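Working notes, structure below.
There are 2 protein chains.
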Amino acid sequence: MTHLKDIFIKTRHITVYGLIMAIFVFALKWFQWKFLVLDNATEIYAGLIAICFTLLGIWVATQLAKPKIEKVLVEKEVYVTLPAGIEINEAELKKLNLSGREHDVLQLLTKGQSNTEIAGNLFLSLSTVKTHVSNLFVKMDVKSRAQAIEKAKRLKITP
Amino acid sequence: MTHLKDIFIKTRHITVYGLIMAIFVFALKWFQWKFLVLDNATEIYAGLIAICFTLLGIWVATQLAKPKIEKVLVEKEVYVTLPAGIEINEAELKKLNLSGREHDVLQLLTKGQSNTEIAGNLFLSLSTVKTHVSNLFVKMDVKSRAQAIEKAKRLKITP
DNA sequence: TTAAAATCGGTACTAAAGTATGAATAGCGT
DNA sequence: ACGCTATTCATACTTTAGTACCGATTTTAA
């Protein structure tokens, strides 16, 4: 089935070309009969044919044009991130007036750890961590750990 | 200079076309004079013009046609150390293979916004944001928005 | 013209986060 | 000794986040 379809597609342009040519010839004959084309108008007659069939040729060519496949070699740069200078903004950190334990919690919190993970690492209960975290949010003037992390990173008060 | 050259290149085909057309008309006139073309041979006359100018059109089209180039990208990894800056690490960002919307969500997520806030800013439903966020976590290989923010900041894939 | 994504949205559920409040203990400075 | 803060932990509760499904378009790629 696809084979017949391909043949049709390949010969479609030729068929269309033939049809248009036939219609054009009929149209010319009609004009010839209607206006009794003068002999000295041959140049105009030829010119019209030339223009029309030139355009037709261009159209046919664009339809038949096959895409040229061209392989292009592209180099892809892969960046290697190096642990850049870790400078902590001590001034901003002092402004927050955090307690020692709150500071500990903040360190782990900004590393993306959950309350349970922080509790495990600092040997605290989940309740205690929640308390510290809540107090942290008040001192940092944020409403979620997401904001806390963003602010801590932005102010560089954590590595 | 290159500008004039471009104009010449672009008009070259038209010039050639005009010249060929002129020569063809002269040839026709010569044939007309030489063999005293009969009135009832108009169809043959028109047919010749049609065929010739169709071929001419095809030729012109092939000359003017821009070659359709099918690029095949071959990646060659080149390792480069990142010039420690505040620039966004596009390379790491590409590795994540995020979709457009996921990228949008990530931008707001890393600013500390909640799902509800993101939904409001991007005019999406909460469900959609949750879907995007979940997919983000898979692609970023993290398990919470806190880790996502931390990783995004660490890899500098967000301002 | 398929097939694979991306996009948007929904429901239902579990897990985690966050709030509020209270309470016990230890240390520190006046 | 007293007040103050820090630290620890608990209970109870509400809210948010997160997962796991699903379906319907739409866009894109092969």
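Going line by line, the protein sequences match chains A and B. Quick note: the first sequence uses this note's numbering, first residue 400, plus one each step. Quick note: the second sequence uses this note's numbering, first residue 400, plus one each step. Glycine included, every Cβ here is placed at the ideal spot set by N, Cα and C. In this text the structure is predicted, and so the values were computed from the model without any measurement.
Assuming residue i and residue j make a contact with CB atoms under 8 Å, what is their CB distance in whole Å?
i	j	result
A:Asn514	A:Lys529	6 Å
A:Val504	A:Leu554	In fact, because the Cβ distance is near 17 Å, the residues do not count as touching under 8 Å.
B:Gly511	A:Ala551	Between A:Ala551 and B:Gly511 the Cβ distance is about 10 Å, and since that is not below 8 Å, they are no contact.
Could you spell out where the alpha helix (DSSP H) holding residue i opens and where it closes?
i	result
B:Val532	Leu525 to Met539
A:Leu497	It is not in any alpha helix (DSSP H) - A:Leu497 carries neither H nor E in the DSSP assignment.
B:Thr515	Asn514 to Leu521
A:Lys550	Arg544 to Arg553
Shorter than 8 Å from the beta carbon of residue i to some beta carbon of chain A?
i	result
B:Thr515	no
B:Phe452	yes
B:Gly456	yes
B:Gly511	yes
B:Ala449	yes
Counting only beta-carbon atoms, is residue i nearer than 8 Å to chain B?
i	result
A:Ser533	no
A:Ala545	yes
A:Glu549	yes
A:Lys538	no
A:Lys552	yes
A:Glu476	Because A:Glu476 sits at a pLDDT of 45, beneath the cut-off of 50, its placement in the model cannot be relied upon, and the following sentence gives the value as read from the coordinates. Yes, A:Glu476 counts as interfacial toward chain B.
A:Lys409	Unreliable placement is indicated for A:Lys409, whose pLDDT of 45 sits below 50; no coordinate value is reported for it.
A:Thr480	Low per-residue confidence applies at A:Thr480: pLDDT is 47, beneath 50, and the placement is therefore not dependable enough to give any value.
Please tell me whether, using a cut-off of 7 Å, the distance from the CB of residue i to the nearest non-hydrogen atom of the ligand ATP is below it.
i	result
A:Lys510	Absence of the ligand ATP from the depicted structure is noted, as is the absence of any ligand whatsoever, leaving it without description.
Kindly confirm or deny that the region 520-529 of chain A and the region 510-525 of chain B touch, where touching means at least three C-beta pairs closer than 8 Å.
-> no
Touch test, the region 488-505 of chain B against the region 486-502 of chain A, Cβ-Cβ under 8 Å, three pairs minimum = no
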